[in-house]
Structure formats: structure tokens, C-alpha cells
Amino acid sequence: MQNLTKENYIFPKQKLQLKKIEKDKINRVLIFCGSFNPPTIGHLRVLEDIANHFSLLDQNIIGGYISPVNQKYKKKDLTVGDYRIEMCDLATKSSSWIMLDPWEALQDEYIRTKISLEHFQKEIDTILEKEKIEEKVKVSLVCGSDVIESMIAPDTFWIKEQVIELTKKFNIICGLRDTTADNLKEKISKSYLEPVQEYIHIIKTSPMSISSTMVRNLANKKLSFKYFVLDPVMDYILKNQLYI
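1 is the number of the first residue of the sequence shown in UniProt numbering; add one for each residue after it.
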């Protein structure tokens, strides 16, 4: 992914499984937005678990994207965007349906999640039109419970009107690992998201205690973090001496 810029950016579509699109069924493309600093096996497992969940509901998952935030996202210890783009590319190479989309990371300014989702929907709709596919494909936001918590926090940096709009238009799919669904649902029902709570899907995912913070801390101490990330990602971190 060398010399990648927003000027030479091309939307990745090589893993979209367009043949799975069916009439009278819900067809989804999953969008996982986040820092991915670095991308872990836990991130990938969340997407796989969510895909399994919807498959059991007889819905079609047409593809999935990891979309790393850009450098203007003010988060402590956020490593350079080029590094995160490369790591996400390495993390998704072996997947048959999950891809990296670097669009958000390549922008010159901080991109709100609603804008990012609109970008994906526009690109997907363009592909469907070109392929003369009349069925609709819904872009859906994937996140962890921490994102939902941040959305409904009293001092939230999210724009509430945008969150309500994106929830209804795209749906939020929350992968839940370390808290109970009932507890999170209760918090949502007592927040400004109550009117759109039917568009928030809370899905229990594999209980994996793996986080990007854990990987960064181990790398910083020059300790092993093997099996927390895929080997190509681990090799890239070590080669470039990231998080030291």
C-alpha cells in the first residue's frame, strides 16, 4: 500500500460477494470503524461472530470493511495513519470477505462516522448500479459497547442528531464481550437513543480478552504479543519498532 493518497484512492471491492445478494432478504455490508492501533484478532473475531449471527437469521453478509480513523482523531497514543493502514491491510489479507478501506484515514480532516457510512453506501450503490443489481444492500455500523457508551455519555462528543440519523438509516451492530446485553439495553432505553433502539442490534461475541492497548503495552515492554494479532501484523510492528 505504498504511496497511497486520497488522490489515487480506489474503493476496494474485490471481496464483495455480490452473488449472495437475494431479493426479499436483508443484504448487509458490515463497516467496522475504529482506531485499529493495532488491529487484533479480537477485531476480526467480532466481525466473524456478527456475520454468523446474521447468517442464522437468514440475512446475507455481502462483505465487511475495516475503516481506520485518520490522524486528526485526537486519541492518546494513536500511531501514524500510514502504519495503521498497512497493519489493517495485513490483518485482512487472509479473509475471504473482510477488506481494508483506507478512505477515512486518508482524509485531511477528522471524519464523523455518519460521513464515513455515507461514503460506503454511495460506493456500494454505485457498484450495484454498474452491475445492474436492483436489490438493496444496507451498510451497517459495527462497534463495541464502549462506542455505545460514548454515544450516550452526558459529555458525549458525538452529535446526537447525527447519531439518531445514522442509527435509523444504517443500523448499529454492537458486538458485546464484557458486559450484559440487558444492562446495555437499559442504558440505551434511558438515553436519547430510546426512539431508535429497535435499530440497534446487540450481539454476544466471543469472550476474548484481547485489546489494542494490551498489545501496545506488551510491545512497549518488548514482551511477546504473539497470537494477539496475526503474524504479518506482529512482524510489521516489530520491523518498524512501533509502540516502543
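Note that the Cβ used here is the ideal one computed from N, Cα and C, for glycine as well.
On the three-state DSSP scale, how would you describe residue 212?
Annotated three-state conformation of residue 212 is helix, per DSSP.
Assuming the contact rule is C-beta atoms closer than 8 Å, residue 100 and residue 141 should be a hit. Round their C-beta distance to whole Å, please.
Rounded, the Cβ-Cβ distance is 17 Å, inconsistent with contact.
Quick check on residue 9: does DSSP put it in helix, strand or coil?
Residue state, collapsed to three classes: coil.
Inter-residue Cα distance where the pair is residue 105 and residue 67
Rounded to whole angstroms, the separation of the alpha carbons of residue 67 and residue 105 is 7 Å.
So, residue 35 versus residue 78, is the Cβ gap smaller than 8 Å?
yes
Residue interval of the alpha helix (DSSP H) (run including residue 75)
That residue, residue 75, is in no alpha helix (DSSP H); it is neither H nor E in DSSP.
On a CA-only basis, which of 205, 227, 157, 89 is nearest residue 249? Give me that one, please.
A query on residue 249 cannot be resolved here, the shown segment of the chain reaching from 1 to 244 and no further.
I'd like the list of long-range same chain contacts for residue 170, defined as Cβ closer than 6 Å, with 5 residues on each side in sequence excluded.
117, 139, 140, 141
For residue 76 and residue 189, what's the separation of their Cα atoms in angstroms?
31 Å
Range covered by the alpha helix (DSSP H) that runs through residue 200
Note, residue 200: premise wrong, no alpha helix (DSSP H); beta strand (DSSP E) at 200–204.
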